Amino acid sequence: MSRTLESYVGGQWGAAAGEGQPLLDAATGEEIVRLTGLPIAPSDVLAHARDKGGPALRAMTFQQRAVLLKEIALALDARKEELYELSSATGATRKESWVDIDGGIGTVFAIASRSRRGLPDDYVATDGDYEPIGKNGTFVGQHVWTPLRGALLQINAFNFPVWGALEKFAPSFVAGVPSIIKPASQTSYLTELMVRIMVESGLLPEGSLQLVVGSVGDMLDHLTGQDCVAFTGSASTAQQLRTHPAVARNSVRFGVEADSLNAAVLGPDAAPGTAEFDLYVKEVVREMTVKAGQKCTAIRRAIVPVEHQDAVVEALREKLAKVVVGDPRDASTTMGALASLHQRDEVKRSVKVLTEGARVVIGDPDEFSVASGDAVRGAFLPPLLLLAADADRAEPHEVEAFGPVATVIGYRDAAHSTELLRRGGGSLVASVFTADPSYSRQVVVEAANHHGRVMFVDATSAKESTGHGSPLPILVHGGPGRAGGGEELGGVRGVFHFLQRTALQGSPATLTAATNRWIPGAAQKTGGTHLFRRTFSELQVGDALVSEAREVTLEDVERFADLSGDHFYAHMDETAAAANPFFDGRVAHGYFVVSLAAGLFVDPAPGPVLANYGLEGLRFTTPVYPGDLLHVTLTCKQKTPRPGQEYGEVRWDANVRNQDGETVAGYDVLTLVAL
Ligand code: NAP
Numbered sequence: 209m210s211r212t213l214e215s216y217v218g219g220q221w222g223a224a225a226g227e228g229q230p231l232l233d234a235a236t237g238e239e240i241v242r243l244t245g246l247p248i249a250p251s252d253v254l255a256h257a258r259d260k261g262g263p264a265l266r267a268m269t270f271q272q273r274a275v276l277l278k279e280i281a282l283a284l285d286a287r288k289e290e291l292y293e294l295s296s297a298t299g300a301t302r303k304e305s306w307v308d309i310d311g312g313i314g315t316v317f318a319i320a321s322r323s324r325r326g327l328p329d330d331y332v333a334t335d336g337d338y339e340p341i342g343k344n345g346t347f348v349g350q351h352v353w354t355p356l357r358g359a360l361l362q363i364n365a366f367n368f369p370v371w372g373a374l375e376k377f378a379p380s381f382v383a384g385v386p387s388i389i390k391p392a393s394q395t396s397y398l399t400e401l402m403v404r405i406m407v408e409s410g411l412l413p414e415g416s417l418q419l420v421v422g423s424v425g426d427m428l429d430h431l432t433g434q435d436c437v438a439f440t441g442s443a444s445t446a447q448q449l450r451t452h453p454a455v456a457r458n459s460v461r462f463g464v465e466a467d468s469l470n471a472a473v474l475g476p477d478a479a480p481g482t483a484e485f486d487l488y489v490k491e492v493v494r495e496m497t498v499k500a501g502q503k504c505t506a507i508r509r510a511i512v513p514v515e516h517q518d519a520v521v522e523a524l525r526e527k528l529a530k531v532v533v534g535d536p537r538d539a540s541t542t543m544g545a546l547a548s549l550h551q552r553d554e555v556k557r558s559v560k561v562l563t564e565g566a567r568v569v570i571g572d573p574d575e576f577s578v579a580s581g582d583a584v585r586g587a588f589l590p591p592l593l594l595l596a597a598d599a600d601r602a603e604p605h606e607v608e609a610f611g612p613v614a615t616v617i618g619y620r621d622a623a624h625s626t627e628l629l630r631r632g633g634g635s636l637v638a639s640v641f642t643a644d645p646s647y648s649r650q651v652v653v654e655a656a657n658h659h660g661r662v663m664f665v666d667a668t669s670a671k672e673s674t675g676h677g678s679p680l681p682i683l684v685h686g687g688p689g690r691a692g693g694g695e696e697l698g699g700v701r702g703v704f705h706f707l708q709r710t711a712l713q714g715s716p717a718t719l720t721a722a723t724n725r726w727i728p729g730a731a732q733k734t735g736g737t738h739l740f741r742r743t744f745s746e747l748q749v750g751d752a753l754v755s756e757a758r759e760v761t762l763e764d765v766e767r768f769a770d771l772s773g774d775h776f777y778a779h780m781d782e783t784a785a786a787a788n789p790f791f792d793g794r795v796a797h798g799y800f801v802v803s804l805a806a807g808l809f810v811d812p813a814p815g816p817v818l819a820n821y822g823l824e825g826l827r828f829t830t831p832v833y834p835g836d837l838l839h840v841t842l843t844c845k846q847k848t849p850r851p852g853q854e855y856g857e858v859r860w861d862a863n864v865r866n867q868d869g870e871t872v873a874g875y876d877v878l879t880l881v882a883l
């Protein structure tokens with residue numbers, strides 16, 4: 209008998225006693241491990257996350273967690289070969305496992321890096337700028353984010369045992385929320401190995417990550433309003449879990465990534481012979497065969513102009529004929545097995561339902577050749593292409609066959625194609641192969657609302673295109689309606705799913721103290737050494753300088769026009785400027801005002817301020833006329849260390865005023881300042 213798979217809960221590895229359920233190699237049918245159950249009560253797993261993991265994570269700032277996350281990614285990367293070796297048992301070839309393993313680790317790196325750049329070295333993150341409320345500026349609003357004090361229960365699908373867990377772990381870790389990973393039983397042995405590598409790295413704070421293999425028992429009964437569930441799997445399981453009484457009663461945050469009838473559309477312009485037609489055929493083949501079609505994003509509906517549907521089928525036939533089905537360990541195999549015999553039978557059942565409205569034109573689920581592996585005990589299927597008899601019938605738009613299966617559906621005209629796109633009832637992704645920008649625009653206007661992601665492909669973008677089936681860590685993943693209504697990833701956006709947004713209201717001083725971000729009206733400390741002579745550690749939020757005043761002359765305006773080449777009439781022609789609805793006569797260039805302000809606040813000699821790398825939120829609010837007397841107030845607004853660097857980022861509030869005290873320009877200046 210094989211070994212029993214273990215959970216990592218309460219700080220220990222273990223499994224319930226018992227014979228357990230055998231998990232089999234997808235290609236050979238041999239037993240790999242056995243699955244029993246949890247060695248401790250599910251409520252104790254949650255308690256460990258809340259009592260140990262949460263406090264340990266919240267003791268670090270967003271930046272500290274992001275730095276640690278990068279180290280965890282490095283530890284995984286160093287031992288990824290072990291994951292590749294085991295991954296073939298799931299039926300995936302090495303190339304296919306890349307998406308799961310390198311894709312998962314790459315996602316952790318990407319989230320760590322985006323978080324280091326986009327989140328503060330603080331326990332509280334601000335959401336946007338402050339909101340003025342009171343007329344006199346003594347009462348303002350500021351949205352903030354803070355970590356939930358519960359746990360994230362991840363319930364994952366079988367098809368991405370590594371990526372599926374890591375893409376949720378990474379943002380929740382940065383957010384400061386501990387994860388409990390419950391992988392799908394079928395492929396949980398690979399997630400177990402991944403968690404072992406993470407635990408053995410010694411980098412994980414106690415309780416920040418637990419693994420439950422097998423059933424979660426009654427864990428959902430114990431969820432509170434500070435916990436989250438991130439579910440990936442079928443729409444039917446999602447429906448069952450999101451209506452769980454404790455989830456409903458306690459308003460538990462419940463994210464769902466469910467199944468999806470993703471479409472690839474061949475544009476009306478993409479006739480046979482065009483580059484877009486060839487690219488389309490290649491992509492449909494790739495999506496049907498990678499991971500034997502077991503991808504939530506895989507193309508299920510090939511929506512093509514009805515006049516080209518036969519040409520599409522023939523082009524696909526030619527390419528699919530080259531697919532070699534077999535053991536993923538065999539180098540000549542181009543499509544491995546499905547994850548289990550159960551999965552294969554599910555696909556066959558779905559194909560049967562699909563054939564009520566379509567006929568199989570390529571492949572036979574019962575008659576096909578297997579080049580290697582155990583043809584009887586292995587979970588093999590050939591690529592299966594169907595052709596819809598009637599584009600408007602329900603089956604191809606409603607039945608997901610989670611395997612190497614797609615249906616070609618012919619549309620009459622552009623409007624019909626977008627109508628068919630929407631028939632999926634909400635999908636993760638649609639790809640559109642067209643070189644016609646007006647058709648692309650029509651798709652966005654008519655059908656983007658039914659999709660989480662829409663990828664356009666033409667000959668100019670094809671080479672760099674990341675592909676229909678790949679969710680990217682920097683773009684949101686998820687889709688409306690049937691796809692679950694959830695959203696994941698999206699760079700730093702993914703972190704916010706595990707934080708609570710709170711609208712703070714109070715005086716500028718109170719909210720500055722609460723957020724470590726200066727708000728106008730809060731105290732400013734002037735005097736002492738020039739701000740540009742202070743190091744990152746010496747500078748404090750609220751440190752400020754009020755500059756000397758400088759008069760703007762007509763000569764300044766003309767010299768700036770000559771220097772920059774900007775001779776816009778509002779700066780050069782008194783009569784034309786006065787006729788402009790905004791001005792009473794010639795005005796100074798806004799960019800001159802910004803440059804002048806820098807001349808007033810900069811201290812020129814070499815010092816801790818290393819570089820200015822941009823401005824944000826620049827607004828010119830009052831025209832500047834020759835004769836105006838301007839001065840600038842510069843205030844240290846926020847400090848953000850750059851881990852591993854010898855400098856940090858200082859954000860300054862710059863406020864340029866005229867002789868009447870009116871703000872003529874306001875903006876944030878971003879600088880890098882030595883530590
Ligand atoms: P599934 O049968 O719905 O299972 C998903 C997960 O839910 C598994 O971990 C499963 O655990 C667990 N589960 C089932 N019943 C449960 C219950 N009563 N309480 C707690 N957990 C429960 O889906 P699957 O077969 O693994 O995955 C295939 C489906 O996932 C496809 O439809 C695919 O489209 C979808 N999918 C979507 C995405 C996406 O990002 N949108 C990604 C991948 C897959 P056990 O395995 O232990 O039963």
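Take the sequence shown: its position 561, counting from 1, is numbered 769 in the numbering used here, and each next residue is one higher. Glycine included, C-beta positions come from ideal geometry on N, C-alpha and C. Quick caveat, the model's predicted, so the values are computed rather than measured.
Beta strand (DSSP E) containing residue i: first to last residue?
{"i": "proline 328", "result": "Neither: proline 328 is in no beta strand (DSSP E) and is coded neither H nor E."}
{"i": "histidine 839", "result": "837 to 849"}
{"i": "tyrosine 875", "result": "871 to 882"}
{"i": "leucine 594", "result": "592 to 596"}
{"i": "glutamate 824", "result": "817 to 828"}
{"i": "serine 215", "result": "215 to 217"}
For the alpha helix (DSSP H) containing residue i, name the first residue and the last one.
{"i": "lysine 390", "result": "It is not in any alpha helix (DSSP H) - lysine 390 instead sits in the beta strand (DSSP E) that spans 387 to 390."}
{"i": "glutamine 271", "result": "270 to 286"}
{"i": "glutamine 650", "result": "645 to 655"}
{"i": "arginine 865", "result": "No alpha helix (DSSP H) contains arginine 865, which is instead part of the beta strand (DSSP E) from 855 to 865."}
{"i": "leucine 703", "result": "Checking the sequence shown, residue 703 turns out to be valine, not leucine. Note, valine 703: alpha helix (DSSP H), 701 to 704."}
{"i": "phenylalanine 641", "result": "It is not in any alpha helix (DSSP H) - phenylalanine 641 instead sits in the beta strand (DSSP E) that spans 635 to 641."}
{"i": "proline 812", "result": "Note, proline 812: premise wrong, no alpha helix (DSSP H); not H, not E."}
{"i": "tryptophan 371", "result": "371 to 383"}
{"i": "threonine 720", "result": "716 to 723"}
When you compare only the Cα positions, how much space is there between residue i and residue j?
{"i": "serine 409", "j": "proline 831", "result": "60 angstroms"}
{"i": "valine 316", "j": "glutamate 293", "result": "21 angstroms"}
{"i": "phenylalanine 576", "j": "threonine 432", "result": "51 angstroms"}
{"i": "alanine 583", "j": "valine 532", "result": "13 angstroms"}
{"i": "valine 521", "j": "alanine 500", "result": "19 angstroms"}
{"i": "arginine 242", "j": "serine 423", "result": "13 angstroms"}
{"i": "arginine 850", "j": "valine 881", "result": "10 angstroms"}
{"i": "cysteine 844", "j": "asparagine 724", "result": "11 angstroms"}
{"i": "threonine 212", "j": "alanine 471", "result": "41 angstroms"}
{"i": "glutamate 304", "j": "threonine 615", "result": "23 angstroms"}
{"i": "leucine 428", "j": "glycine 693", "result": "20 angstroms"}
{"i": "glutamate 696", "j": "asparagine 657", "result": "17 angstroms"}
{"i": "aspartate 330", "j": "glutamate 238", "result": "51 angstroms"}
{"i": "glycine 475", "j": "glutamate 484", "result": "8 angstroms"}
{"i": "serine 380", "j": "phenylalanine 744", "result": "29 angstroms"}
{"i": "threonine 395", "j": "arginine 631", "result": "32 angstroms"}
{"i": "leucine 747", "j": "glutamine 853", "result": "17 angstroms"}
{"i": "histidine 516", "j": "valine 492", "result": "15 angstroms"}
{"i": "arginine 287", "j": "glutamate 627", "result": "47 angstroms"}
If you measure from the CB of residue i, is any heavy atom of the ligand SAH nearer than 8 angstroms?
{"i": "glutamate 304", "result": "For the structure depicted, the ligand SAH is absent and the ligand set comprises only the ligand NAP."}
Check whether the Cβ of residue i lies closer than 9 angstroms to any Cβ atom in chain C.
{"i": "threonine 843", "result": "Looking for chain C here will not work: only one protein chain is present."}
Can you find the residues in the same chain that come closer than 7 angstroms, C-beta to C-beta, to residue i, ignoring five residues on each side of it along the sequence?
{"i": "valine 754", "result": "Thr734, His839 and Thr841"}
{"i": "glycine 815", "result": "Phe740 and Arg741"}
{"i": "alanine 383", "result": "Pro355, Val703, Phe706 and Leu707"}
{"i": "aspartate 477", "result": "Thr642, Ala643, Asp644 and Tyr647"}
{"i": "proline 679", "result": "Thr505, His685 and Leu697"}
Starting from the C-beta of residue i, find all residues in its chain whose C-beta is less than 6 angstroms away, skip the five residues before and the five after it, and write them out in chain order.
{"i": "proline 728", "result": "none"}
{"i": "tyrosine 338", "result": "Val348, Gln350 and Ile727"}
{"i": "threonine 710", "result": "Val352"}
{"i": "leucine 594", "result": "Leu562, Ala566, Val568 and Thr615"}
Go through its chain and collect everything with a Cβ distance to residue i's Cβ below 8 angstroms, but skip five positions before and after it.
{"i": "arginine 827", "result": "Ala873, Gly874 and Tyr875"}
{"i": "glycine 219", "result": "His256, Lys260, Glu414 and Gly415"}
What is the C-beta distance between residue i and residue j, in whole angstroms, given that I count them as a contact (C-beta under 8 angstroms)?
{"i": "glycine 358", "j": "glutamine 434", "result": "3 angstroms"}
{"i": "glycine 571", "j": "leucine 549", "result": "In fact, because the Cβ distance is near 18 angstroms, the residues do not count as touching under 8 angstroms."}
{"i": "glycine 228", "j": "threonine 244", "result": "4 angstroms"}
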